[in-house]
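For what it's worth, my numbering labels the leading residue of the sequence shown as 71, then goes sequentially.
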Amino acid sequence: MDSIETLMRVAPLIVTVTMIGTVGWMFTTWLRIKNGYPLDGHWGQALYPKSDQQSIERIKLLSQENAQLRAELGSIKDRLANVERIVTDGAHSLHTEIEALRIKPN
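Here's what the structure looks like:
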């Protein structure tokens with residue numbers, strides 16, 4: 071009878087420790103994936119993602135497209151800056167010309 075009572079008292083502790091260990095392992099794995107660290111295999115060896123030729127080509131294409139989009143975005147920013155300059159300077163110079171005409175005596 072004593073062994074059953076002891077087991078009943080220890081069982082919640084065993085379950086709690088097991089759950090904390092599992093949640094800790096899941097959190098550690100999530101942190102490794104998030105930060106780009108390799109995962110561990112069954113015997114502690116590092117598992118790196120496999121890269122085949124198709125993945126390498128896809129990465130190259132995406133990198134080229136990214137460079138093109140960045141260049142296009144840079145040119146659009148330059149054009150927008152020019153348009154803003156024209157709009158703001160044009161209004162200011164027009165206002166200055168109108169005021170100059172008002173000041174001149176007839």
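Glycine is no exception: its CB is placed at the ideal position from the N, C-alpha and C atoms.
This one's a predicted model, so the numbers in the text were calculated from it and none came from an experiment.
>> Does D72 come out as helix, strand or coil in the three-state DSSP assignment?
In response: helix
> Who are the Cβ neighbours of G97 in its own chain at under 8 Å, not counting the five residues just before and after it?
Replying inline: Note on residue identity: the sequence assigns Phe, not Gly, to residue 97. For F97, where only same-chain residues beyond five positions count, there are no Cβ hits under 8 Å.
> When DSSP labels each residue in this structure, what does D110 get in the three-state scheme?
Replying inline: strand
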